[in-house]
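Participant:
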Amino acid sequence: MIPETMKAMLLTGHGGVEKLQYSEDFPVPRPAAGEVLVKVTATAKNNTDRKAREGLYPTKAKGEVTSFQMGGKATLTFPRIQGADVVGHVVATGEGVDQARIGQRGLLDFNLYADARRDINLTPDYYGHGADGGYAEYIAVPSNQFHHIANPDLADAELASMGMCSYQTALHMLTSARVKSGEHILVTGASGGVGTALIQLCRIVGAIPYALSQQDKADELLELGAEAVLDRSDMAGFTDRVRAVTGGRPIDAVMDLAGGEMTDQFIDTMIFDMNSRDGYPRLSIAGASAGNFSEIMWTRIYLYQVQIFGVSHGTREEAEQLVAWIRSGQLRPVLHAAFRLSRLHDAERYFVNRNSNYLGKIVIVPDSEWEQHGAAFALKE
Ligand SMILES: NC(=O)c1ccc[n+]([C@@H]2O[C@H](COP(=O)([O-])OP(=O)(O)OC[C@H]3O[C@@H](n4cnc5c(N)ncnc54)[C@H](OP(=O)(O)O)[C@@H]3O)[C@@H](O)[C@H]2O)c1
Numbered sequence: 351m352i353p354e355t356m357k358a359m360l361l362t363g364h365g366g367v368e369k370l371q372y373s374e375d376f377p378v379p380r381p382a383a384g385e386v387l388v389k390v391t392a393t394a395k396n397n398t399d400r401k402a403r404e405g406l407y408p409t410k411a412k413g414e415v416t417s418f419q420m421g422g423k424a425t426l427t428f429p430r431i432q433g434a435d436v437v438g439h440v441v442a443t444g445e446g447v448d449q450a451r452i453g454q455r456g457l458l459d460f461n462l463y464a465d466a467r468r469d470i471n472l473t474p475d476y477y478g479h480g481a482d483g484g485y486a487e488y489i490a491v492p493s494n495q496f497h498h499i500a501n502p503d504l505a506d507a508e509l510a511s512m513g514m515c516s517y518q519t520a521l522h523m524l525t526s527a528r529v530k531s532g533e534h535i536l537v538t539g540a541s542g543g544v545g546t547a548l549i550q551l552c553r554i555v556g557a558i559p560y561a562l563s564q565q566d567k568a569d570e571l572l573e574l575g576a577e578a579v580l581d582r583s584d585m586a587g588f589t590d591r592v593r594a595v596t597g598g599r600p601i602d603a604v605m606d607l608a609g610g611e612m613t614d615q616f617i618d619t620m621i622f623d624m625n626s627r628d629g630y631p632r633l634s635i636a637g638a639s640a641g642n643f644s645e646i647m648w649t650r651i652y653l654y655q656v657q658i659f660g661v662s663h664g665t666r667e668e669a670e671q672l673v674a675w676i677r678s679g680q681l682r683p684v685l686h687a688a689f690r691l692s693r694l695h696d697a698e699r700y701f702v703n704r705n706s707n708y709l710g711k712i713v714i715v716p717d718s719e720w721e722q723h724g725a726a727f728a729l730k731e
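In this text, residue positions in the sequence shown follow my numbering: the first is 351, and each later residue adds one.
(1) With three or more beta-carbon pairs closer than 8 Å as the criterion, would you say the segment 426-444 touches the segment 476-492?
(2) Per the DSSP calculation, residue 377 is bridged to which residue(s)?
(3) In whole angstroms, what separates the C-alpha of residue 512 from that of residue 521?
(4) So, using beta-carbon positions, are residue 555 and residue 529 closer together than 8 Å?
(5) Compare the beta carbon distance of residue 617 and residue 650 with 8 Å and say whether it is the shorter of the two.
(6) Ligand 1 and residue 647: does the residue's C-beta get closer than 7 Å to at least one heavy atom of that ligand?
(7) Using a threshold of 8 Å, state whether the C-beta atoms of residue 688 and residue 656 are closer than that.
(8) With DSSP as the reference, please indicate the residues paired to residue 606 in a beta bridge.
(9) At the level of alpha carbons, what is the spacing between residue 456 and residue 602?
(10) So, are the CB atoms of residue 699 and residue 715 less than 8 Å apart?
(11) In three-state terms, what does DSSP make of residue 563?
(12) Which residue marks the beginning of the beta strand (DSSP E) containing residue 456, and which one marks its end?
(13) Let me know the secondary structure DSSP gives residue 494 once reduced to three states.
(14) Please confirm whether residue 393 and residue 436 have their CB atoms less than 8 Å apart.
(15) With 16 as the cutoff for other CB atoms within 10 Å, does residue 424 come out buried or exposed?
(16) Using C-beta distances below 6 Å, list every residue in its chain close to residue 630, excluding the 5 sequence neighbours before and after it, in chain order.
(17) With residue 665 as the anchor, note down where its beta strand (DSSP E) starts and where it stops.
(18) Under the rule that 16 or more other beta-carbon atoms within 10 Å means buried, what is residue 645, buried or exposed?
(19) What does a CB cutoff of less than 6 Å around residue 372 pick up in its chain, not counting 5 residues either side in sequence?
(20) Compute the distance between the beta-carbons of residue 526 and residue 634, then report whether it is under 8 Å.
(21) Could you tell me the distance, in whole angstroms, from the CA atom of residue 626 to the CA atom of residue 600?
(22) Looking at the unbroken alpha helix (DSSP H) that takes in residue 401, where does it start and where does it end?
(23) Report the option in 606, 586, 615, 622 whose CA atom is closest to the CA atom of residue 598.
(24) In whole angstroms, what separates the C-alpha of residue 531 from that of residue 557?
(25) What is the rounded straight-line gap between the Cα of residue 361 and the Cα of residue 465?
(26) Between the beta-carbon of residue 733 and the beta-carbon of residue 495, is there less than 8 Å?
(27) May I ask you to check if the CB of residue 396 is nearer than 7 Å to at least one heavy atom of ligand 1?
(28) Along the chain, which unbroken stretches of the beta strand (DSSP E) at least 3 residues long are found entirely within the segment 525-599?
(29) Measuring only the C-alpha atoms, how far is residue 681 from residue 727?
(30) Which residue comes first and which comes last in the beta strand (DSSP E) that contains residue 699?
(31) For the segment 663-683 against the segment 498-516, are there 3 or more C-beta pairs whose distance is under 8 Å?
(32) Measuring straight from C-alpha to C-alpha, what distance separates residue 708 and residue 729?
(33) Out of 438, 523, 398, which one is the CA nearest neighbour of residue 722?
(34) Report all residues from its chain with a CB closer than 8 Å to the CB of residue 667; omit the five preceding and five following residues, and keep chain order.
(35) Is residue 416 close to ligand 1? I mean its beta-carbon at under 7 Å from any heavy atom of the ligand.
(36) Using DSSP's beta-bridge definition, name the partner residues of residue 728.
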């Protein structure tokens, strides 16, 4: 029996966490034609929740408070339920959807695709931004984007931690830069959601990932697949440190999530010995955790022929490839902790002020699902 109303965390405007208001009687959505209604069990947190809330997506004017407008108009309207990387169980189907889907556990491909193209996604928008997301008890989504993943060895919260906002972005960073087997890849922001995905994906495609992170996270990053971990707390002599771990070879491509002042030094790691390269230096950038502005000398970029790729989300093809890798057990979850939906404010604050042992993802679980899907992953402090 599907109720008329549900609990949901509503974003009521741009601003601080006080803009998140917990509703106990928000209408349960009904599945439209081609959709499934999902009872949510876990939704992973992403940086974009905070950035969209705070209006940190300017594309032209400095200091502008705004969010994604890739398709030409603002799709973030209030109130909005955030939460992109949703896991749950199908409880009803819309017209034209096979009823056999009822009961299936799945992971949402979080994109609001503008068209049916499988190879390109030019106007990225997503559930939790341009449409309601998973910080609620129910969500209605397209049947063909709610991918059935049975894998009984993966808990729902663990599956949510492998959500597309991180993993599809990571894969698209690699495919944009045409990363291939045997290449040496520098991954910045390595311990985060996208970084931990990148390390694993490099290994799947046969590339060798070098992680830029902090020393206390080194053991876990090495265990995850990093070839070596470089400490970002001291960037002096960075290129020499890279040389030491690569055996003197330049980095083939940088997967940058840090941006800011550091990006120029990341470029140095690719161009210090052009004669020993066998391809162009390539920089994929999908995040700016260290700062939104970098001073880059354009003569360096064109004389050294550095190819730069801006990456946002990815394609349907890439989402399906990732689902195949999850099903076959080639990717593993990196889950830091779960929080109750009603405590999302605490999760947001924890995420911003995280301490040193933080790796991977935080997952939000509806209070009604907590004992079954959240309690085992509650924060240990
Ligand atoms: N373009 C897209 O579609 C897309 C999709 C997802 C995310 N993003 C963006 O990509 C970035 C990473 O996302 P995420 O989800 O992986 O974030 P995350 O889980 O918060 O991880 C970010 C990591 O960046 C590193 N970092 C933080 N502050 C830093 C600083 N001042 N200098 C250098 N490194 C710093 C930290 O890793 P270490 O301690 O290991 O250095 C941190 O764990 C964010 O900017 C996010 O908004 C973009």
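Beta carbons are placed, not taken as given, at the ideal position from N, Cα and C, and that holds for glycine.
Facilitator: With the given structure in hand:
(1) yes
(2) Here residue 377 is taken as the residue at index 27 of the sequence shown, counted from 1. Note: residue 377 sits in a beta bridge opposite 355.
(3) Sequence index remark: in the sequence shown, residue 512 carries index 162 (1-based). Sequence index remark: in the sequence shown, residue 521 carries index 171 (1-based). Cα to Cα, residue 512 sits roughly 12 Å from residue 521.
(4) Translated into the one-based positions of the sequence shown, residue 555 becomes position 205. Translated into the one-based positions of the sequence shown, residue 529 becomes position 179. Cβ atoms of residue 555 and residue 529: closer than 8 Å.
(5) As a position in the sequence shown, residue 617 is number 267, starting the count at 1. As a position in the sequence shown, residue 650 is number 300, starting the count at 1. Yes, they are a contact pair.
(6) In the sequence shown, residue 647 corresponds to position 297, counting from 1. No, the Cβ of residue 647 stays beyond 7 Å of every heavy atom of ligand 1.
(7) Counted from its first residue, the sequence shown places residue 688 at position 338. Counted from its first residue, the sequence shown places residue 656 at position 306. Result no, Cβ atoms of residue 688 and residue 656 do not sit closer than 8 Å.
(8) The residue you call residue 606 lines up with position 256 of the sequence shown. According to DSSP, residue 606 bridges with 635.
(9) Here residue 456 refers to the residue found at position 106 when the sequence shown is read from its first residue. Here residue 602 refers to the residue found at position 252 when the sequence shown is read from its first residue. So the alpha carbons of these two residues sit roughly 36 Å apart.
(10) Walking along the sequence shown from the start, residue 699 turns up at place 349. Walking along the sequence shown from the start, residue 715 turns up at place 365. Contact flag unset, no.
(11) As a working note, residue 563 is residue 213 in the sequence shown. Three-state DSSP puts residue 563 in a strand.
(12) Residue mapping note: residue 456 aligns to position 106 of the sequence shown, counting from 1. Start and end: 455-458.
(13) Locating residue 494 in the sequence shown gives position 144, where the first residue counts as 1. Residue 494: helix per DSSP, three-state reduction.
(14) As a position in the sequence shown, residue 393 is number 43, starting the count at 1. As a position in the sequence shown, residue 436 is number 86, starting the count at 1. Their beta carbons are under 8 Å apart, which means residue 393 touches residue 436 by this criterion.
(15) One-based indexing of the sequence shown puts residue 424 at position 74. Answer is exposed; the Cβ neighbour count stays below 16.
(16) Taking the first residue of the sequence shown as position 1, residue 630 is located at position 280. Closer than 6 Å at the Cβ level, and outside the excluded window around residue 630, lie 655, 657.
(17) The sequence position of residue 665 within the sequence shown is 315, counting from 1. Where residue 665 is concerned, there is no enclosing beta strand (DSSP E), given that its DSSP letter is neither H nor E.
(18) In the sequence shown, the residue the question calls residue 645 occupies position 295. Classification of residue 645: exposed, given that the 10 Å Cβ count is below 16.
(19) Sequence index remark: in the sequence shown, residue 372 carries index 22 (1-based). Only 359, 692 meet the Cβ criterion.
(20) Here residue 526 is taken as the residue at index 176 of the sequence shown, counted from 1. Here residue 634 is taken as the residue at index 284 of the sequence shown, counted from 1. Yes, Cβ-Cβ distance for residue 526 and residue 634 is below 8 Å.
(21) Position 276 of the sequence shown, counting from 1, holds the residue named residue 626. Position 250 of the sequence shown, counting from 1, holds the residue named residue 600. Rounded to the nearest angstrom, the two C-alpha atoms are 8 Å apart.
(22) Taking the sequence shown and counting its residues from 1, the one referred to as residue 401 is at position 51. Start and end: 397-404.
(23) The count along the sequence shown starts at 1 and reaches residue 598 at position 248. It is 622 whose Cα lies nearest to the Cα of residue 598.
(24) Here residue 531 refers to the residue found at position 181 when the sequence shown is read from its first residue. Here residue 557 refers to the residue found at position 207 when the sequence shown is read from its first residue. C-alpha separation (whole angstroms): 5 Å.
(25) Here residue 361 refers to the residue found at position 11 of the sequence shown. Here residue 465 refers to the residue found at position 115 of the sequence shown. Roughly 27 Å between the two C-alpha positions.
(26) No statement about residue 733 is possible, as the shown extent of the chain runs from 351 to 731 and does not include it.
(27) As a position in the sequence shown, residue 396 is number 46, starting the count at 1. Indeed, a heavy atom of ligand 1 lies less than 7 Å from the Cβ.
(28) 534-537, 558-563, 578-581
(29) Walking along the sequence shown from the start, residue 681 turns up at place 331. Walking along the sequence shown from the start, residue 727 turns up at place 377. Each residue's Cα considered, the two are about 19 Å apart.
(30) Position 349 of the sequence shown, counted from the start, is the residue given in the question as residue 699. First-last for residue 699: 694-702, but that is the alpha helix (DSSP H), not the beta strand (DSSP E).
(31) yes
(32) Sequence index remark: in the sequence shown, residue 708 carries index 358 (1-based). Sequence index remark: in the sequence shown, residue 729 carries index 379 (1-based). Straight-line Cα distance between these residues: approximately 11 Å.
(33) Taking the first residue of the sequence shown as position 1, residue 722 is located at position 372. Residue 438 is the option with its Cα nearest to residue 722.
(34) Here residue 667 refers to the residue found at position 317 of the sequence shown. Contacts found: 468, 469.
(35) In the sequence shown, residue 416 corresponds to position 66, counting from 1. Incorrect: residue 416 has no Cβ contact closer than 7 Å to ligand 1.
(36) Taking the sequence shown and counting its residues from 1, one reaches residue 728 at position 378. Partner(s): 688.
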